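Residue numbers (this note's numbering): 363 to 551.
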């Protein structure tokens, strides 16, 4: 199943992003046994007239790979500029304490709304970092639901573990890190 989703999935999920190899050689690298440094361009999708012209595309590079997980790290490219989320995301599976297979995604990232999105006169001026986080949450929830359905449809059983997400004020974090306070002083509510 892990290999199926990594190499053979036909992108039938109705999410707002499309991942494509940056170069043809990245596809060959991705399906190899050692896909570290494979690059994917992430095409953002928007249905509204003209909004698609300013969709905030991005790119990731596979920075770590094991038989049980891989990590994608955001990068800047000539085609995409900066990434809407700056950070690292790990996708993988492990056997939990009950002996069941557990699929997961985890990340540490910061939303970076591009100026062209933030100040687009044809778009919604309320597009802020929270908007990006909400879109990201909806995307990953949708992906989880689609995987759950695929497993159930193919004779498996799924139990969804409630997600854990912590959002913090990055300006407050920067202030705290530049002071002599301990890391315990950071409020992650």
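Backbone N, C-alpha and C define an ideal beta-carbon position, used for all residues, glycine too. No experiment lies behind these values; they were computed from the predicted model shown.
Cα-Cα separation, residue i to residue j
i: residue 471; j: residue 541; result: 22 Å
i: residue 315; j: residue 537; result: As shown, the chain starts at 363 and ends at 551. That puts residue 315 outside it, with no answer to give.
i: residue 509; j: residue 529; result: 25 Å
i: residue 414; j: residue 448; result: Since pLDDT at residue 414 reaches only 48, below the 50 mark, its modelled position is unreliable, and the value read off the structure follows with that caveat. Approximately 21 Å, taken between the alpha carbons.
i: residue 506; j: residue 465; result: 9 Å
i: residue 444; j: residue 514; result: 37 Å
i: residue 534; j: residue 429; result: 38 Å
i: residue 491; j: residue 446; result: 9 Å
i: residue 526; j: residue 390; result: 34 Å
i: residue 404; j: residue 463; result: 28 Å
i: residue 516; j: residue 406; result: 30 Å
i: residue 392; j: residue 468; result: 20 Å
i: residue 519; j: residue 426; result: 29 Å
i: residue 521; j: residue 422; result: 30 Å
i: residue 452; j: residue 504; result: 17 Å
i: residue 461; j: residue 399; result: 32 Å
i: residue 326; j: residue 511; result: Because the chain is modelled from 363 through 551, residue 326 falls outside the range shown and cannot be assessed.
i: residue 459; j: residue 402; result: 34 Å
Extent of the continuous beta strand (DSSP E) run through residue i
i: residue 471; result: 463-473
i: residue 422; result: 420-427
i: residue 403; result: 401-406
i: residue 433; result: 431-436
Endpoints, the alpha helix (DSSP H) within which residue i is located
i: residue 452; result: Careful: residue 452 lies outside any alpha helix (DSSP H), inside the beta strand (DSSP E) at 447-457.
i: residue 387; result: 386-392
i: residue 501; result: 491-515
i: residue 396; result: Segment: none, residue 396 is in no alpha helix (DSSP H) and carries neither H nor E.
i: residue 533; result: 532-540
Exposed unless 16 or more other CB atoms sit within 10 angstroms - verdict on residue i
i: residue 419; result: buried
i: residue 388; result: buried
i: residue 442; result: buried
i: residue 473; result: buried
i: residue 382; result: exposed
Quiz item: Is there contact between the segment 488-501 and the segment 426-437, where contact requires at least three CB pairs shorter than 8 Å?
Solution: No, the segment 488-501 is not in contact with the segment 426-437.
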